[in-house]
DNA sequence: ATTACTAAAGATCGAGTAT
DNA sequence: TATACTCGATCTTTAGTAA
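Protein chains in written order, with this note's numbering: chain A, 1 to 208; chain B, 1 to 208.
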C-alpha cells in the first residue's frame, strides 16, 4: 500500500494532480493494471487519495502520515545528543526500583537488556542541562507504571544512550524529586565499575 | 517487509544491536512469532539485516535505502523553489527535439503529459540563476538518450514545475550550449499562448 | 482509450511442532 | 528458553473481460 503512496509522492501528487492511468502506474511499479486500480481504490476508501477527472492527489491525511514517517527518519539520522556530568552518590532508590519485576520485564522488552539493579546518578554540567531539556523533546520509551503490595510505582520515561561504549538508558521518572541537573542511568552492568569511575568523576553520555 | 525495517530503526538497530526475540517483535507488530522470524530471515537474505548472538542490527545497505527515502520525504515538504525570467526567442531546436518519439514516449511516462512540440526559452534574473543552481541539486527525472538515423540524442534532466497554474517541466540537456542563465520549459500546451505572453514578458516558475 | 469486476493462481500467514 | 520448519487457511495478485 505504502508503495503506491511513495510512488504518488515521488511523482508530485502532493502539489499537482497526477494524470496517470492505472495501467501506467502498474507498469512503473511492476504490477498489473488491475492491482494498481484496486490499491488506488483502497487508498481512496482509506481517505489517503482523492481522484477526479483532473487526476490523482494525496490528501492531508496521507501527508500527515508521511510527515510522521519523515520525523522518525530524521530523528534516526540526526546527530546524537551528548551530555557530560559528574557521578554523585545516589540514595539507593535506583536499586530498589530496578529490583521490581514490573519494571524489569518491560525494560528487557523495550530496551533490549535487563538492567543491573542500581542506577548511576549524574549531576550535569551547564550544557548538560540544556542537552537534557532537548532530550526530553525526543520520543521516550515509556515504561508503564504499576501497583504492587498496595504501593504505586510510577511511569518512567527512558532514553537509549551510550556511556563509553556501553549501551545504557537514561531514566526519568514522570514525577521526579530530582532537580533538572540530575539524571539517572541504568545499564545491563554496574556502570561505575565497568567504566572504572568513582564519585566525582566525569561521565559522558551519548543519547541515541 | 518495510514494516520490520521501520520497527528496527525505531528501536535503534542502526546504533545498537537490538536484543529482542522474534516472539517479542511479532507481538509488537501484531503478527505471529513465525511470521516475524520468516520476515527477518528474508531481510537477512536480502542483506538488510545482520544477526548474531549479540542481537539484530541494520546493515549499511538498509541505511542507504532508508536515507534515500528520507531524502525524498524531506524534498516533498521543502518549500518550493521559484524562479523568474523573461521569454527569449528560441532557435526552434526545442521543437525539433520534442518531436522525437524517443523523447516523447519517456516524457509521457515520467512526467505524466505529452509535451507540446516546442519549448519556452527563459533568461533568468539574478536570483533565478541561484534558484537554477539549487534546482540542479534536486533529484532529476532522467529522460534517457537514444540513437536515431545515426544521430545521437543526449540524456535530458527534467524537473517538474508550474508556470501560472500550468504543469510543466524544466528541461536541462546534459551537455548544453546555453549559459547558466537560460532554461527551457516544456508543457502539454503551447505555454506562450496559454499564458498570453510575448517575447520579453516575465514568467514565474515554481519547481515542484 | 479507460476503470474495475470475477475467478483462479499464487503468495503470505498462523498453528502446531521439531530442533 | 529460543528459532524456524510444514501445511492448511487466508489474503493478494493476475488474467480475462465487462462496462
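Ideal Cβ positions, reconstructed from N, Cα and C, are used throughout, including at glycine.
Please classify residue 91/B as buried or exposed, where buried requires at least 16 neighbouring CB atoms within 10 angstroms.
Working through the second chain from its first residue, we reach residue 91/B at position 91. Under this definition residue 91/B is an exposed residue.
query = chain B beta carbons: is any one of them nearer than 8 angstroms to that of residue 20/A?
reply = Reading the first chain from its first residue, position 20 is the one you call residue 20/A. For residue 20/A, the answer is yes, since a Cβ of chain B falls inside 8 angstroms of its Cβ.
Please name the residue, chosen from 69/A, 65/A and 64/A, that lies closest to residue 66/B on a Cα-to-Cα basis. Position 66 of the second chain, counted from the start, is the residue given in the question as residue 66/B. It is 69/A whose Cα lies nearest to the Cα of residue 66/B.
Problem set entry | Closest Cα partner of residue 132/B within the set 207/B, 35/B and 38/B | Translated into the one-based positions of the second chain, residue 132/B becomes position 132. Taking only the C-alpha atoms, the option nearest residue 132/B is 207/B.
- Item | Inter-residue Cα distance where the pair is residue 42/B and residue 49/B | On the second chain, residue 42/B is found 42 positions in, with the first residue counted as 1. On the second chain, residue 49/B is found 49 positions in, with the first residue counted as 1. About 9 angstroms.
Q) Between residue 166/B and residue 194/B, is the Cβ-Cβ spacing less than 8 angstroms? A) Your numbering for residue 166/B matches position 166 in the second chain. Your numbering for residue 194/B matches position 194 in the second chain. Their beta carbons are under 8 angstroms apart, which means residue 166/B touches residue 194/B by this criterion.
Any contact of the region 83-99 of chain B with the region 113-125 of chain B, i.e. 3+ C-beta pairs under 8 angstroms? yes
Output needed for residue 144/A: all residues of its chain with C-beta closer than 7 angstroms, excluding positions within five of it in sequence on either side, in chain order. In the first chain, counting from the first residue as 1, residue 144/A sits at position 144. For residue 144/A, where only same-chain residues beyond five positions count, the Cβ hits under 7 angstroms are 106 and 155.
8 angstroms Cβ cutoff, residue 179/B in contact with chain A:
Translated into the one-based positions of the second chain, residue 179/B becomes position 179. No - not a single Cβ of chain A is within 8 angstroms of the one on residue 179/B.
Can you check DSSP and say which residues form a bridge with residue 85/A?
On the first chain, position 85 is the one that residue 85/A refers to. Its beta-bridge partners are 124/A and 203/A.
Give the interface partners of residue 43/A over in chain B, defined as CB-CB distance under 9 angstroms, in chain order. Numbered from 1 along the first chain, position 43 holds the residue referred to as residue 43/A. Result: empty, since nearest Cβ-Cβ is about 16 angstroms, beyond 9 angstroms.
For residue 12/B and residue 18/B, believed in contact at Cβ under 8 angstroms, the rounded distance: For the purposes of this step, residue 18/B is taken as residue 18 along the second chain, with counting starting at 1. For the purposes of this step, residue 12/B is taken as residue 12 along the second chain, with counting starting at 1. With a Cβ gap of about 7 angstroms, residue 18/B and residue 12/B count as contacting.
### Query
Is the distance from the Cβ of residue 123/B to the Cβ of residue 85/B below 8 angstroms?
Here residue 123/B is taken as the residue at index 123 of the second chain, counted from 1. Here residue 85/B is taken as the residue at index 85 of the second chain, counted from 1. Taking 8 angstroms as the Cβ cut-off, residue 123/B and residue 85/B qualify as a contacting pair.
On the DSSP bridge list, what partners appear for residue 151/A? Against the first chain, residue 151/A aligns to sequence position 151. In DSSP, residue 151/A forms a bridge with 148/A.
Going along chain A in order, which residues have a C-beta closer than 9 angstroms to the C-beta of residue 66/B?
If you number the second chain from 1, residue 66/B lands on position 66. Here the neighbours are 73, 76 and 77.
**Study point:** Residue(s) in a DSSP beta bridge with residue 163/A
**Key:** Translated into the one-based positions of the first chain, residue 163/A becomes position 163. Per DSSP, 166/A and 205/A.
Practice task
Consider the C-beta atom of residue 162/B and the heavy atoms of the ligand MN; say whether any pair is separated by less than 7 angstroms.
Solution key: The ligand MN is absent from the structure shown, which contains no ligand whatsoever.
### Message
Considering only their Cβ atoms, is the gap separating residue 153/B from residue 100/B smaller than 8 angstroms?
### Response
Stepping through the second chain from its first residue, residue 100/B is reached at position 100. Stepping through the second chain from its first residue, residue 153/B is reached at position 153. In contact: residue 100/B and residue 153/B (Cβ atoms closer than 8 angstroms).
Original post:
Per DSSP, which one or two residues make a beta bridge with residue 183/B?
Top reply: By one-based count along the second chain, residue 183/B stands at place 183. Residue 183/B pairs with 122/B.
- Task: Would you tell me roughly how many angstroms separate the C-alpha atoms of residue 178/B and residue 172/B, rounded to the nearest one?
- Result: Locating residue 178/B in the second chain gives position 178, where the first residue counts as 1. Locating residue 172/B in the second chain gives position 172, where the first residue counts as 1. Approximately 9 angstroms, taken between the alpha carbons.
Original post:
If you run the structure through DSSP and keep just helix, strand and coil, what is residue 197/B?
Top reply: As a working note, residue 197/B is residue 197 in the second chain. DSSP places residue 197/B in coil when its eight states are reduced to three.
| In whole angstroms, what is the alpha-carbon distance linking residue 83/A and residue 15/B? | Numbered from 1 along the first chain, position 83 holds the residue referred to as residue 83/A. Numbered from 1 along the second chain, position 15 holds the residue referred to as residue 15/B. The straight-line gap from Cα to Cα measures roughly 18 angstroms.
key: CA nearest to the CA of residue 199/B, picked from 130/B, 184/B, 89/B and 102/B   = Taking the second chain and counting its residues from 1, the one referred to as residue 199/B is at position 199. Checked all of 130/B, 184/B, 89/B and 102/B; the closest Cα to residue 199/B is 89/B.
- Item | Cα-Cα separation between residue 71/A and residue 64/A, rounded to whole angstroms | Taking the first chain and counting its residues from 1, one reaches residue 71/A at position 71. Taking the first chain and counting its residues from 1, one reaches residue 64/A at position 64. When rounded, the distance between both Cα atoms is 11 angstroms.
Q) Using a Cβ-Cβ distance under 8 angstroms, would residue 109/A count as near chain B? A) As a position in the first chain, residue 109/A is number 109, starting the count at 1. Yes, because at least one Cβ of chain B sits closer than 8 angstroms to the Cβ of residue 109/A.
_Residue from 140/A, 128/A and 135/A whose Cα sits closest to the Cα of residue 110/A_ = The sequence position of residue 110/A within the first chain is 110, counting from 1. When each option's Cα is compared against that of residue 110/A, the closest is 140/A.
- Task: Consult DSSP for residue 94/A and reduce its assignment to one of helix, strand or coil.
- Result: The residue labelled residue 94/A in the question sits at position 94 within the first chain. Of the three classes helix, strand and coil, the one that applies to residue 94/A here is helix, per DSSP.
Let me make sure I understand the geometry here. Which of 185/A, 192/A and 3/A has the alpha-carbon closest to that of residue 30/A?
As a working mapping, residue 30/A is identified with position 30 in the first chain. Comparing Cα-Cα distances from residue 30/A to each of 185/A, 192/A and 3/A, the minimum goes to 3/A.
- Would you list the one or two residues that DSSP bridges to residue 51/B? As a working note, residue 51/B is residue 51 in the second chain. 56/B, per the DSSP bridge assignment.
- List the residues of chain B that residue 81/A touches, going by C-beta distances under 7 angstroms, in chain order. Position 81 of the first chain, counted from the start, is the residue given in the question as residue 81/A. Per Cβ cutoff of 7 angstroms: no residues; residue 81/A is ~12 angstroms from chain B at best.
Pick from 150/B, 190/B, 202/B and 121/B that is closest to residue 183/B, judged by C-alpha positions
Along the second chain, one-based indexing puts residue 183/B at 183. Nearest C-alpha to residue 183/B: 121/B.
Query raised in the report: From which residue to which residue does the beta strand (DSSP E) around residue 141/A run?
Result: Walking along the first chain from the start, residue 141/A turns up at place 141. Its beta strand (DSSP E) spans residues 141-143.
Is the CB-CB distance between residue 138/B and residue 159/B below 8 angstroms? Your numbering for residue 138/B matches position 138 in the second chain. Your numbering for residue 159/B matches position 159 in the second chain. A contact, by the Cβ cut-off of 8 angstroms.
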